[in-house]
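As given, the protein sequences belong to chains A and B, one line each in that order.
Under this note's numbering, the first residue of the first sequence is numbered 1, with each subsequent residue one higher.
Under this note's numbering, the first residue of the second sequence is numbered 1, with each subsequent residue one higher.
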Amino acid sequence: MRLRRASHWESTRTPALPRRVVGLARALRWPQGLITIVVVVGLVTVNGAAARPMIGVSRSGSAQIDAELRRVVRDELRGQVALDHVRQLSTFDRTATTEGYHQAIEYVRDAAQRAGLQQLEVIRFPADGVAPILDTYRSGWAWRLGGGELAYEHPDERICRYEDIPTCIVKYSPAANGVFEVVDVGPGTSAAGYAGKDVDGKLVFASAQASAVLAYAAGRHHIAGVISYWDNYLPDRSPFPDQVAWQAVAQDPGSDVFAFSISKRMAGQLQRRLAAGAVRLRAHIDAELFAGEYELLTGVLPGGDLRNEEVLVIAHLNHHRPGANDNARGSALGLEMIGVLARLLERGTLPPLRRSIRFLWVPEHRGTQIFVHQNRDYGERGVAVIDNDMVGADQAESGSIFLLTRPPDSMPSYLNDLMESLLEEVIREQFRSPYGSRNPFHYRVVPYSGAISDHAYFVDRSVGVPAIMLSTDPDNFYHSNEDTADHIDATTLMRAGYVAASAAAWLATAGAAETVPLAQLVGGGALSRLGSTLADSMMRLQQATELAPTHAEQSNLLRHVAACEIAAVISVKRLGTSPTTARQIRIVEETVSAQATAALLALEHQYQQLINSRGKAEGVVRTPIAEIPGAGPAERAACGADLLQAVPERGLFGPLRPSWFLDNVEAERRTWYEAGHAGGSFREAIVNFADGDRTVTQIHAAVVAELGELPVSDVCRFLVDLVSLDLFSWR
Amino acid sequence: MSTNRKRRARSAVIGTLALVLAAGSAGAGHAASPGVFVDGTVEEAAPQVAPPSDLLLDGNAAAAILNEISGVRAKRYVTRLTAYNRISASPGYHEAAEWLLAELDGAEILQTRLERYAPEDPQPLRKRPSLILPNWTVRGAELRTIEPVDSLIVNYAETPISLARYSRPARVTAELVDVGIGTRATDYEGVDVAGKVVLASGFSSTVERIAVGEHGAAGVVVAGGSSYDEWKGWGYPGMQTWQVLSPGPIDNREPSFAFSITEEQGEALRRQLRAGEHVVVTAIVDAVLSPGTQEIVTSVLPGSSSPDQEVLLLGHLDHVRPSANDNASGSGTLLEVALALDRLVASGRVAAPRRSIRFLWMTEGAGTYGFLNAHPSIGDRILAAINLDMVGEGRLPGTGPMNVHRPPDSLPSYFFDVVMNVIDHLDTLRLRAPTGSESLMNVRAKPFSANSGHYITSDGAVGIPTLLLNHGPDPFHHTNLDAPDAVDPTTLQRVGFIAAASAYLVASSDDRTAARIATHVLAAASRRLADAAAEGFGLIAKVSDADEAYWLAERKLHHVGAREEGALGSVAELTSAAWPAGQAALNSATHPPADLAGVLRTQQAALGEALRLAFEQRTGRPPRARDLSTSEQLAATLVPRRTAPYLNERWVDEIDDELIGDDDREWLAGFKAQLIQSYIRIPEMLNLLDGHRSLLDVRDALSAEDFDFMRPTFGVGSPRDLSLEYRRTDMDDILHLARIMERCGMLALEKPR
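Below is the structure:
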């Protein structure tokens, strides 16, 4: 997870003091410093939470959502229905395209129908390895898994089998059948482990991820297969010696190199036996890649006058067995939400929906790509997307925190503030299911962290629907055979369901009148975030050894945050607008704008003071102008003056698939990217900040503010490559 | 009908069996090799243990079964079953049975069948037709407050346990009144409940009878607690109990409805009421009661040479959702065992057993009755059975050990020792399921009990020695917290192995195996005989009336000796030689060299002598001859004989009030009330009628038998407590009861021929 303000910032210009603020100060005959103090103190005390920006910021709350709506939703949701569905779903091996996934789709379809979902439809799409999806994606292969087992030959002892430990068989492994000698190759991803060992036709035993071992061995060694005891992202699995990590290898229909995943305890035993002499293992996997199909399930709670507009609640249904938290829980939560909303609508307790609420169950990533592919106009229909991915962990048992992932800065939205206000209400009220734990609730709001789940495909600029993700991190049982339904908590499910269902119901009924309080909520959040950004910036400036670059960096950041926050306030108009509400929203917008200007003014004041005091001490008085990081003379020259002011225009629909890009750029360019230039999340951000208005320089400033230092020349080179691939053009 | 009619092969053949004990070899270990390994250990782990040689089951078969049974898969089956609201004869039960059939459909060898029993079907095992449980279809039910706020309390679709079973249709909006426990007349003093809904904490059917039946309330809400009073409110405020109303009229009145809510929800409502708030609730019950059809699923793995002999594994499929341990655990484990044995045999990894192995999933009680009525002579085919009821418990707070209940002493059998032999090896086999617990299994051997359906199949009229595997106590029993979380895959794997290995051993047993079993039974029998004598020494030392104590001790020794000889003799049914039936024919003395029964008799005689010696040491004189009371003298002259087919354990149903006088009716009511939980003594009394024992013999046997009563607090009739022992099985009472039964055509009291 990246934190937003982890790196240093610079700016290309000194900001002008906003006239209104300066005028006000003059009129009151205040020194500039006092204005700064007033502004900062005001921001901090009003919101009271400058100390821990972005994390559990205390907020005035959910008054924006009708109190009665919140109460009835809270009252009807118990998490028990979701819990029961999680238990059932976790009995299916829901690896996408398998028979178990198909059964899970049928299970959810029947349950959703019973709960009251309408216009149910199973969308099928070829999983044939070739069918194009969006502009840069294509379909993968379907995978059939009939079972498998790994055992010692002498004495005949089983290490693991699919029935007990489904994660023992690495996803997309080809079939295996035979007895193989085992060779310990250490991590298995460097020459050292293989030195002096004959691994041809043998089973390598490695600590790295199976996919990495296969990638390393490809073209170097003719191994028969790999046994990986990879630690599943957690360097020390010692509290969980029996966890078998869920792993996947790249789909390769031509490969016959199979892969098993085993636990630390199993690996220890294997090591001991290898230490005593040669070990042969019997490996059996019944599996194959084939041309099958993906299945998506969708349906709606239909709206009224705005029924073509949709609030989308999405959850990925796929994953290994049991995969209870990831993501039977998200899938099951939708089912309870449907039941509760349908019941409340039927009883007339909830006002009739104006917009439709669509529920969508997909294989993660691929399914959403297919959905967006088949609904290219979803940016017009979709109002908001709530992605439920891992939402039910017993927080005490799994050591987890509930996360709200914001949309990226390229898509500022009211949505995260709305959701956060509901999460904050959970903290305030600590309500819980009559059938669940009494755990206190823990949550954090975290910045966008890339295409790690389905929300990513909606916040892409060419699609353009604000999307947030509700998830859990860390999770002691994540992606392992121990992710069982026993670690779920009806209380967490109820709380997640409350947040998602009341937001969805409210968004589906909100109109122009509701946008004003929503804008005020977002405005309040904006002030809070601007305040904490300023506090952070001032501290960095105070501690800076090089004043000018830090000042440039921090004022760029403040301007960026201000622009995002103002855009977020304006985004409420998506729900409806009238001259009256537009005027009121304008007031909020101006308030945020004024506070932003004041914040810049404060930073400027501090900068001048520091220059004066340090300048005196050092005997130098000057006002240096610096550039934001990565936009120095050398980088700018490498880019060229024309390109710096050029405006890229996007032709690409859907996100840019990283592997497609690398596969399609020239070999020499690929090497350049693989050497670390304009890494994955930078590329995603550049593509999304390119809105047809921003120049290369502006795109660079925004990307640097959101993600940290990057040479502007890298932005140029990347955009030139995109143009050469016909994905972008120069305006 | 003879109790032991199928035991045609039990005979002195046991003595002729050569004592062939296979010598096993211990698993060879690995050479240790020092070093730190990825799991942080430096020591060589103990090698996986090969099945030990004193396991009765053949090592290869044991290893194959051990490898095949999966506790993780069994838990998946258990979890699937918990999705269904498995109320017997109702839609959810039917769906569960259909699911079971679909799973069994994948088997290669198993022959599976669904059977349906209607109320009008013949019931040869009943003199009077029994009530087949009705179909109770609930389309929806909800309880909510509408004042002071509109707020959901419970919804049936969400938690079906919220609605008391057999609640009748209702649509009521009424004030809520707190009546405390609600089962006592005093709870209603000065409280006007007419037309209102009462909030109580007592058992729903009692509360309903008083509140609605006597005081005109509209319905009942029960809050909280476990189904066991002593555990109520012990730390699970979110616990809801499974409540029930009568399926038929009570006091000529159809019962109304009852909802079950959590302790905490009840407390919140009580707080509101105490604060003087006006709480109005709306209760909606949309339910229909109609005549039911009882469904059972049975599946047979056919034997290769003696398919007509069967070993039965059974478990009840019914109960409210989720009821994970009670008894999705038993049902799911049965499915795992059935499919595992099917795969093992189909793939040739184990040989097809000589005898058949039958699996039965049914409704507790009613389903077993249905199955036995539909197959009245099935008891002749079935050699032994294990009833799996609540077999998945992990070591959660408040959860007890796994209890292994023996069949009654009226059905002596080798089977208990066979099962215990498997259980004794659980620790050394290091059975553990991934994602399951690592605890060792705590097992307690217990006497016969009446807490599950094994007492029906063990009934003298059926004659299948049936063991019960059952965890107890279980604080979540019959509550919403009996959910899959409380089920431990390791426990399921162990129980699955116990059931599969025991059944397969008996089903595949040949003469050689039978000899090993007989030797094993002899060793266990010898220990039990010694235990019985030890108990006798205690009685002689402690009880003030030394002669009474001596007679009881001697009777106990005699009783246990006869039982163990019966158990030893029962092994004969596993041999190839056809011998005349009857334990009396056991005559091992004529068949050297291995006179197993003779060994037992010698030990019994020696222990008897020791008891006499103990008495003489205490009193300084030899014991007097037994001093019989008048009724005992009379009972000694009467040999009761059954005159009609009926299940002994339903004896109360067979008594026809029309045929007995008022005095007898009154006496019987008092007698039954006195029996309380120890009522299984009466069926066992009837079980013991074999046409040879006199009524005195029957009483003597009964007074020497151990029972495990459902609740320890009611189980004061411990055989160690002489006075209570006599009160509960007093000869006068038994004579009186026998006379009443005679009048109702249940038995004839004859003088010995």
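The beta-carbon is built from N, C-alpha and C at its ideal position, and this holds for glycine as well.
From a predicted model like this one, the values you see are computed outputs, not experimental measurements.
Under the assumption that residue i contacts residue j (Cβ atoms under 8 Å), give the Cβ distance between them as a whole number of angstroms.
i: B:A384; j: B:F415; result: 4 Å
i: B:A83; j: B:A324; result: Contact flag wrong, Cβ pair sits at about 11 Å.
i: B:A338; j: B:F371; result: Wrong, their Cβ atoms sit about 16 Å apart, outside the cutoff.
i: A:L423; j: A:W361; result: So it is not a contact: roughly 24 Å between Cβ atoms.
i: B:L334; j: B:R406; result: Their Cβ separation, rounded to whole angstroms, is 21 Å, which puts B:L334 and B:R406 out of contact at 8 Å.
i: B:R165; j: B:I87; result: 6 Å
i: A:N232; j: A:H479; result: 6 Å
i: B:G195; j: B:A211; result: 11 Å between Cβ atoms; not a contact.
i: A:V249; j: A:S207; result: So it is not a contact: roughly 16 Å between Cβ atoms.
i: A:V185; j: A:Y194; result: 5 Å
i: A:D387; j: A:C564; result: Not a contact, Cβ separation roughly 20 Å.
i: A:R321; j: A:D93; result: 4 Å
i: A:Y107; j: A:Q80; result: Actually they do not touch by this definition, with Cβ atoms about 17 Å apart.
So which residues on chain B does residue i lean against when the C-beta distance must stay under 7 Å?
i: A:V81; result: E158
Show which residues of chain A have a CB atom less than 7 Å away from the CB atom of residue i.
i: B:D485; result: D486
i: B:S151; result: D75
i: B:V495; result: Under the 7 Å cutoff, chain A gives no residues; its nearest Cβ is about 16 Å from B:V495.
i: B:S290; result: By Cβ distance, chain A contributes nothing, its closest Cβ being about 23 Å from B:S290, past 7 Å.
Just to confirm the assignment, what range does the alpha helix (DSSP H) spanning residue i have?
i: B:T173; result: Looking at the DSSP string, B:T173 is not in any alpha helix (DSSP H); the run it does join, the beta strand (DSSP E), is 170-178.
i: A:Q103; result: 99-115
i: B:L81; result: 71-81
So, residue i versus residue j, is the Cβ gap smaller than 8 Å?
i: A:E397; j: A:T97; result: no
i: B:R355; j: B:V311; result: yes
i: A:L575; j: A:V383; result: yes
i: B:P353; j: B:S410; result: no
i: A:I468; j: A:T405; result: yes
i: A:F258; j: A:A176; result: yes
Considering just the uninterrupted stretch of the beta strand (DSSP E) at residue i, what are its terminal residues?
i: B:Y117; result: 111-117
i: A:T405; result: 401-405
i: B:R321; result: Here B:R321 belongs to no beta strand (DSSP E), and DSSP marks it neither H nor E.
i: B:S151; result: 151-155
i: B:D58; result: First-last for B:D58: undefined, no H or E at that position.
So which residues of chain B does residue i contact, with C-beta pairs closer than 9 Å?
i: A:E482; result: P434, T435
i: A:D184; result: The premise fails here: A:D184 is roughly 10 Å from chain B at the closest Cβ pair, so nothing lies under 9 Å.
i: A:I165; result: V72, P434, T435
i: A:Q430; result: Those within 9 Å of A:Q430 in chain B number zero; the least Cβ separation is about 15 Å.
With a threshold of 7 Å (Cβ to nearest heavy atom), would residue i be considered close to the ligand ATP?
i: B:K542; result: Here there are no bound small molecules, and the ligand ATP is not part of this structure.
Give the interface partners of residue i over in chain B, defined as CB-CB distance under 8 Å, in chain order.
i: A:Q247; result: Residues of chain B passing the Cβ test: none, with the nearest at roughly 16 Å.
Just to make sure I have the definition right: I need the residues of chain A whose C-beta is within less than 8 Å of the C-beta of residue i. Which are they?
i: B:N480; result: Y435
List, in order along the chain, the chain A residues whose C-beta lies closer than 9 Å to that of residue i?
i: B:T79; result: R87, Q88, S90, T91, A485
Quiz prompt | chain A contacts from the stretch 259-271 of chain B (Cβ-Cβ distance under 9 Å) | solution = Contacts with chain A (Cβ-Cβ distance below 9 Å) from the stretch 259-271 of chain B involve I261, T262, E264, Q265, listed in chain order.
Self-check item: Interface residues of the stretch 426-457 of chain B facing chain A [CB-CB below 8 Å]
Solution: Listed by position along the chain: A433, P434, T435.
Exercise. May I ask you to list, following chain order, the residues of the stretch 88-119 of chain A that have a beta carbon less than 8 Å from some beta carbon of chain B?
Key: Flagged, chain order: Q88, S90, T91.
Exercise. May I ask you to list, following chain order, the residues of the stretch 335-361 of chain B that have a beta carbon less than 9 Å from some beta carbon of chain A?
Key: For chain A, none of the residues of the stretch 335-361 of chain B brings a beta carbon within less than 9 Å of one of its beta carbons.
Self-check item: Selection of the stretch 83-116 of chain B by Cβ proximity to chain A, strictly under 9 Å
Solution: Residues A83.
Practice problem: Mind checking the stretch 183-211 of chain A against chain B and listing, in chain order, the residues whose C-beta falls within less than 9 Å of any C-beta there? | Solution: Going along the stretch 183-211 of chain A in chain order, one finds S207 with a Cβ nearer than 9 Å to chain B.
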